[in-house]
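Okay, so here's the structure we're looking at.
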Amino acid sequence: YWVGRAEAPVPIMGLTVLYSTTGISFVLCAMALAWDGKLVLGHAPSNWAEDLSLVVVIASMTGIGALSLALNQGRLARYHRLDALTDPLTGLLNRRALFDLNGGAPIGAFTAVVVFDLDGFKAINDEFGHATGDQVLRVFAEELVENLRPTDVAARMGGEEFALVLKRTLPEAVEFTAERIRTAFAARVIETETRPLTCTVSAGYAFGSKDGMSFDKVLSAADKALYAAKRGGRNRVAASTFRRAG
Numbered sequence: 002y003w004v005g006r007a008e009a010p011v012p013i014m015g016l017t018v019l020y021s022t023t024g025i026s027f028v029l030c031a032m033a034l035a036w037d038g039k040l041v042l043g044h045a046p047s048n049w050a051e052d053l054s055l056v057v058v059i060a061s062m063t064g065i066g067a068l069s070l071a072l073n074q075g076r077l078a079r080y081h082r083l084d085a086l087t088d089p090l091t092g093l094l095n096r097r098a099l100f101d102l103n104g105g106a107p108i109g110a111f112t113a114v115v116v117f118d119l120d121g122f123k124a125i126n127d128e129f130g131h132a133t134g135d136q137v138l139r140v141f142a143e144e145l146v147e148n149l150r151p152t153d154v155a156a157r158m159g160g161e162e163f164a165l166v167l168k169r170t171l172p173e174a175v176e177f178t179a180e181r182i183r184t185a186f187a188a189r190v191i192e193t194e195t196r197p198l199t200c201t202v203s204a205g206y207a208f209g210s211k212d213g214m215s216f217d218k219v220l221s222a223a224d225k226a227l228y229a230a231k232r233g234g235r236n237r238v239a240a241s242t243f244r245r246a247g
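When the letters of the sequence shown are read in order and numbered with this note's numbering, they come out as residues 2 to 247.
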């Protein structure tokens with residue numbers, strides 16, 4: 002319990018104290034018996050230490066049961082919340098989680114949103130099947146994760162669309178990151194039952210503003226930049242025309 006105290010410091014500290022108190026009460030019983038010279042018992046002992054230990058054990062076991070139940074319920078709640086905010090296929094955050102993290106505060110001028118969309122993904126599903134399509138999505142998610150800073154947040158928005166939120170960054174750094182992800186993914190070879198498969202991805206990005214923009218608006222601007230990249234021939238990165246507006 003003590004080693005795992007970071008999970009829930011107050012309840013686990015309480016459990017540690019209760020278990021320790023119970024153990025101490027047993028030590029007091031042993032000391033009382035030794036003091037009385039009763040090293041061999043023919044019947045249940047009866048002394049002040051035994052009476053105290055009985056009270057302590059009853060109180061401690063009740064507290065331990067209540068705290069253990071509370072801890073278990075807390076773990077279940079955290080598990081279900083994490084499950085609700087995680088994309089099961091890729092292990093990334095999902096759209097809901099991304100909005101929970103970023104939807105409440107204005108997006109400043111040094112925060113960027115990058116939207117990625119896999120090129121020709123429907124054709125991949127049609128030719129190779131959905132199992133291969135899922136594998137392609139997982140491979141792209143791996144490339145996202147491998148190219149992130151600790152402060153960056155990646156999510157699968159749905160289907161073949163992914164998003165990346167980069168804070169405290171500049172246009173040149175965002176362009177570099179998006180290009181690195183694009184080229185790394187294009188270089189990946191995915192083995193299938195029929196032939197090796199390579200895929201590409203297009204991306205668009207936008208920044209918030211000095212006065213702050215809503216996450217929806219920045220995401221929409223990044224989407225428009227993505228569509229421009231698609232229209233420009235795919236397998237490329239495009240910037241929003243008002244990436245530093247305001």
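C-beta atoms are modelled at their ideal positions from N, C-alpha and C, and glycine is treated no differently.
Would residue i and residue j qualify as a contact pair, given that the criterion is a beta-carbon distance under 9 angstroms?
| i | j | result |
| --- | --- | --- |
| residue 189 | residue 199 | yes |
| residue 125 | residue 208 | no |
| residue 237 | residue 158 | no |
| residue 205 | residue 239 | yes |
| residue 99 | residue 156 | yes |
| residue 178 | residue 129 | no |
| residue 145 | residue 72 | no |
| residue 210 | residue 104 | no |
| residue 119 | residue 176 | no |
| residue 115 | residue 70 | no |
Compare the C-alpha of residue i against each of the options and name the closest.
| i | options | result |
| --- | --- | --- |
| residue 192 | 135, 227, 156, 169 | 135 |
| residue 147 | 181, 229, 108, 131 | 181 |
| residue 212 | 111, 69, 223 | 111 |
| residue 113 | 159, 137, 170 | 170 |
| residue 248 | 159, 214, 18, 201 | Because the chain is modelled from 2 through 247, residue 248 falls outside the range shown and cannot be assessed. |
| residue 86 | 101, 72, 26 | 101 |
| residue 117 | 176, 202, 222 | 202 |
| residue 60 | 234, 230, 26 | 26 |
| residue 221 | 242, 36, 137, 139 | 242 |
| residue 168 | 149, 161, 132, 137 | 149 |
| residue 52 | 140, 23, 224, 143 | 23 |
| residue 137 | 219, 234, 187 | 187 |
How big is the Cα-Cα spacing for residue i and residue j?
| i | j | result |
| --- | --- | --- |
| residue 46 | residue 57 | 17 angstroms |
| residue 10 | residue 16 | 10 angstroms |
| residue 185 | residue 121 | 17 angstroms |
| residue 54 | residue 14 | 21 angstroms |
| residue 12 | residue 232 | 57 angstroms |
| residue 123 | residue 62 | 59 angstroms |
| residue 152 | residue 30 | 55 angstroms |
| residue 224 | residue 88 | 20 angstroms |
Would you mind reading off the limits of the alpha helix (DSSP H) that contains residue i?
| i | result |
| --- | --- |
| residue 110 | It is not in any alpha helix (DSSP H) - residue 110 carries neither H nor E in the DSSP assignment. |
| residue 126 | 122-129 |
| residue 12 | 10-37 |
| residue 103 | 96-103 |
Contiguous beta strand (DSSP E) assignments of at least 3 residues, all confined to the stretch 141-206:
154-159, 162-167
Please go through the stretch 204-239 and give each complete alpha helix (DSSP H) segment of 4 or more residues, from N-terminal end onward. 216-232
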